[in-house]
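Peer 1: This is the structure, below, for whatever I ask next.
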Amino acid sequence: MTRRGAAAGLVCLLWAVCECRQVTLPPGPLYRVAGFPLSLPCSVTGYEGSRTQDFEWFLIREDAGGRQIGVISTRDRRFPYAPFQARVRSGEVRVERDSGDRVRLVIQRLRPEDQGTYECYTPSTDARYQGNYSSSVLVNVIPDTLQVSHTSSRSLSGQALTEGAELQLTCSASVQSQQHTHVSVTFGVRGAGEGAGGSPAGGHNLREVISIDKHLSVVPGRGGDYERRYTDGTVSLEKRSEGEQDQYVMRISSVVPSDTGSFFCEVIQWIQDPQMTWQRIAQRTLELGNVTVQPLADSLTVTTLPEGEVSLSAGSPLSLSCEVGGISPSSRPSLLVQWLRRAADRGAELEVARMGSDGVVTWGDDVSRRGGASLEKEAEGRYSLRLFSAHPADAGIYRCAVSVYTGRTPGTSSPAASQRSNGVTVSLRMKEVRVEAEVGLARGPPLQRGHTVSLLCNVTTVTSGPAQVEVHWLMTREEGEGPAEPALVAVLAHDGTSRLHGNNSDISVDRPSPSCYRLRVHKAEAEDQGLYQCHVEVWGQDPHGGWYNTGARSTSQPARVYMYARAGDLLLIPFVVGVSSALLVGVGIVASVTCCFLNRLAKQRRKT
């Protein structure tokens, strides 16, 4: 600011009642780098006249003895002096208007000779000449010393990475400056990638991955996938000092398909102006190379061996293998392997067993474990399921399901890829087994309430090997309208144990003879009446001594249980009827005698 301008400003402060023109530039000195833009804001306040003010810029070089050089004017195209005429015509030097009373002098590429004091002058539109009509600031042009380089052990050009592999990029930067400056480094990627919501973005999609800002803080790319992955710890940026250069190492521990694109690093040199605002004064962008990420879903293969169909005799061992292919070790995969089975007569698919990345096996189907079973990792990408003694319940369609997690623990995020194998049908050849059941009441007097009801189930079994019978006793009540559902009363299992399900009834089950099974209801009451059946299942024994359900079964025809009243109850009705009749006869006789006596007495009175 000139002495005349300072004096005018002081006068304006003293004369607060008047309107005084005030031209303002940022305080100096300012430092800017040769070859990069200069942007000087200039504003005017307290003026009269049009809201759109004109501005003229002058440069006073130190080597010009204080002589002003016209740079550019908003009202006169012939204003620039010779050093600036060509640059103004080309637009390299221009004035950009922010508003009617605020503009910016922009020099697109500073030259060393552009150093000096810049004066912003506003031609008067006021009725009286008072105030500050110009302002000045010193601009020092310093040399460009920002150096940026890329060091890598291998070229990224066209490199294909498997999803889940690690990507590490290094960008080196150095500045030799006498002024205190900061450097910010940003790693970014251009390419198709994925937009918001996972939808493909355009080919010019530019995304910021991670950066160290001018305050030397690590900042992930805002509002996108990289911000989440920085929080997860899969994206990081580290600064390393080696000699005169600082190395900035960006690491993506587990790449995903959206990382496909052209990677770059952008380095910016910053300086803090006297008004305490940070300004960028130099910038370099370095292309690091192209990266293509191959999705695991495109290469993952899961195969079950043997293929097609497996037929075994009951009690034989079953061995199935799951082959997993198309996964590169560089992706550091974590696999979750599951064996699933769907029974031939049911649509539901059940989990037999699973093995996590930690090798821990969890069984989801206890049926398969009865005969002994194991799930093992035989080799890299090969998992075997073994049933030491296959039973009929193990028959069905088996599949191997694999979920691949890259660089993360299963359960903490969605898998990078999942696939199921084709199904292999396992059937069990059974020895011929036939069974028939017939139920009836034990012989005896008519049933009465309070007596014991005995039901016998005669079973006929035809089998070529060791077998045991399991008997289920069912009862259906005949009360109400419509068919009733049978209720389980008791079970005599194949191993000789019994389970009683009677509703508060005193019941028992036993086996009086090898082919006869008995159900007894003690102290039977009216609620124990109904239709009784026995349901029989045959269990066979495998060569290892284990028992299994052969699937052979039979259900008897129902036997009706009805109970008469007790003997005491049978005498109650005749007794009541007899007593009632005797009373009626006695009353009749007394009435007749009384009537006759009264008639005779009346006749005697008339004679007298």
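Going by mature numbering (1 follows the signal peptide of the UniProt record, and there is no 0), the letters in the sequence shown line up with residues -20 to -1, 1 to 588, in that order. Every residue, glycine too, gets a C-beta built ideally from N, C-alpha and C.
(1) Quick one: residues in its chain with C-beta nearer than 8 angstroms to the C-beta of CYS437, no 5 flanking neighbours on either side, listed in chain order?
(2) On the DSSP bridge assignment, give the partners of LEU280 in chain order.
(3) Measure the Cβ-Cβ separation of residue 626 and SER301 and say whether it is below 9 angstroms.
(4) Return yes when the Cβ of CYS100 is within less than 9 angstroms of the Cβ of LEU20, no when it is not.
(5) Where does GLU289 land, buried or exposed, given buried means 16+ other C-beta within 10 angstroms?
(6) Can you tell me whether ARG57 is helix, strand or coil according to DSSP?
(7) Which word fits GLN249, buried or exposed, when buried means at least 16 other C-beta atoms lie within 10 angstroms of its C-beta?
(8) Name, in chain order, the residues that DSSP records as bridge partners for GLY269.
(9) Would you mind sorting ALA176 into buried or exposed? The rule is 16 or more other CB atoms within 10 Å of its CB.
(10) In its own chain, which residues sit with a C-beta less than 8 angstroms from the C-beta of ASP475, not counting the 5 before and 5 after it?
(11) Counting C-beta neighbours from all protein chains within 10 Å, is the total for PRO395 16 or more, i.e. buried, or is it exposed?
(12) Please state whether the Cβ-Cβ distance between GLN48 and VAL24 is less than 9 angstroms.
(13) Measure the Cβ-Cβ separation of HIS481 and LEU472 and say whether it is below 9 angstroms.
(14) Would THR102 and SER30 qualify as a contact pair, given that the criterion is a beta-carbon distance under 9 angstroms?
(15) Where are the alpha helix (DSSP H) runs, 4 residues long or more, that stay fully inside the stretch 56 to 143, in chain order?
(16) Could you pull the DSSP bridge partners for THR32 from this structure?
(17) If you drop the 5 nearest sequence neighbours on each side, which residues of the same chain put their C-beta closer than 6 angstroms to that of ALA375?
(18) Check whether the Cβ atoms of ILE232 and ARG202 sit closer than 9 angstroms, and answer yes or no.
(19) Could you check if ARG379 is buried or exposed, using at least 16 other CB atoms within 10 Å of its CB as the buried criterion?
(20) Look at VAL518 and THR441 and say whether their C-beta atoms are less than 9 angstroms apart.
(21) Considering only C-alpha positions, which residue in the set THR125, SER444, GLY8, HIS502 is nearest to GLY15?
(22) Three-state secondary structure (DSSP) at SER495?
(23) Which class does ASN185 belong to by DSSP, given the choice of helix, strand or coil?
(24) Select from ALA532, ARG533, ARG429, PRO200 the residue whose C-alpha is nearest the C-alpha of TYR544.
(25) Are the stretch 221 to 240 and the stretch 271 to 282 touching by the rule of at least three beta carbon pairs closer than 8 angstroms?
(26) Please work out which residues of its chain come closer than 7 angstroms, Cβ to Cβ, to GLY50, disregarding the five sequence neighbours upstream and downstream, and give them in chain order.
(27) Hey, would you say GLY8 sits closer than 9 angstroms to VAL119, going by beta carbons?
(28) Between GLY213 and VAL189, which are expected to be in contact by the criterion C-beta below 8 angstroms, what is the C-beta distance as a whole number of angstroms?
(29) With a Cβ-Cβ cutoff of 9 angstroms, do ALA381 and TRP319 count as a contact?
(30) Taking just the CA atoms, how far does SER398 sit from GLU356?
(31) Going along the chain, which residues of its own chain have a beta-carbon closer than 7 angstroms to the beta-carbon of ARG77, five neighbours each way excluded?
(32) Shortest alpha-carbon distance to ARG457 belongs to which of VAL163, GLU507, VAL433?
(33) Could you work out which residue in GLY403, ASP490, ILE307 is closest to THR142 when comparing CA atoms only?
(34) Please give the ranges of any beta strand (DSSP E) in the stretch 398 to 470, keeping only runs that are unbroken, at least 3 residues long and fully inside the region.
(35) Check for me: the beta strand (DSSP E) holding LEU312 runs from which residue to which?
(36) Using only CA atoms, which one of VAL304, PRO297, ILE261, SER296 lies nearest to VAL282?
Peer 2: In short:
(1) ALA417, GLU418, VAL419, VAL451, TRP453, CYS496, TYR497, ARG498, LEU499, CYS514, VAL516, SER536
(2) LEU280 is not bridged to any residue.
(3) This structure cannot settle anything about residue 626, because the visible part of the chain is limited to -20 through 588.
(4) Yes, these two residues count as a Cβ contact at 9 angstroms.
(5) exposed
(6) coil
(7) buried
(8) PHE243
(9) Because the pLDDT at ALA176 is just 35, under 50, the model does not fix this residue reliably, and the value given afterwards should be weighed accordingly. ALA176 comes out exposed.
(10) If you ignore the 5 residues before and after ASP475, its C-beta comes within less than 8 angstroms of the C-beta of GLN448, TRP527, all in its own chain and listed in chain order.
(11) buried
(12) In this structure, the beta-carbon distance from GLN48 to VAL24 does not fall below 9 angstroms.
(13) no
(14) No, these two residues do not count as a Cβ contact at 9 angstroms.
(15) The qualifying runs are 62 to 70.
(16) The partner list for THR32 (beta bridge, DSSP) is empty, contrary to what the question assumes.
(17) For ALA375, where only same-chain residues beyond five positions count, the Cβ hits under 6 angstroms are VAL406, SER407, LEU408.
(18) no
(19) buried
(20) Closer than 9 angstroms, so yes.
(21) THR125
(22) coil
(23) coil
(24) ARG429
(25) By the Cβ test, the stretch 221 to 240 is in contact with the stretch 271 to 282, since at least three Cβ pairs between them sit closer than 8 angstroms.
(26) PHE38, PHE59, PRO60, TYR61
(27) yes
(28) About 15 angstroms separates the two Cβ atoms, so there is no contact after all.
(29) yes
(30) 20 angstroms
(31) VAL83
(32) GLU507
(33) ILE307
(34) 404 to 409, 413 to 421, 433 to 443, 447 to 456
(35) The residue you asked about is not Leu; residue 312 is Arg in the sequence shown. Careful: ARG312 lies outside any beta strand (DSSP E) and carries neither H nor E.
(36) Checking every option, the nearest Cα to that of VAL282 belongs to VAL304.
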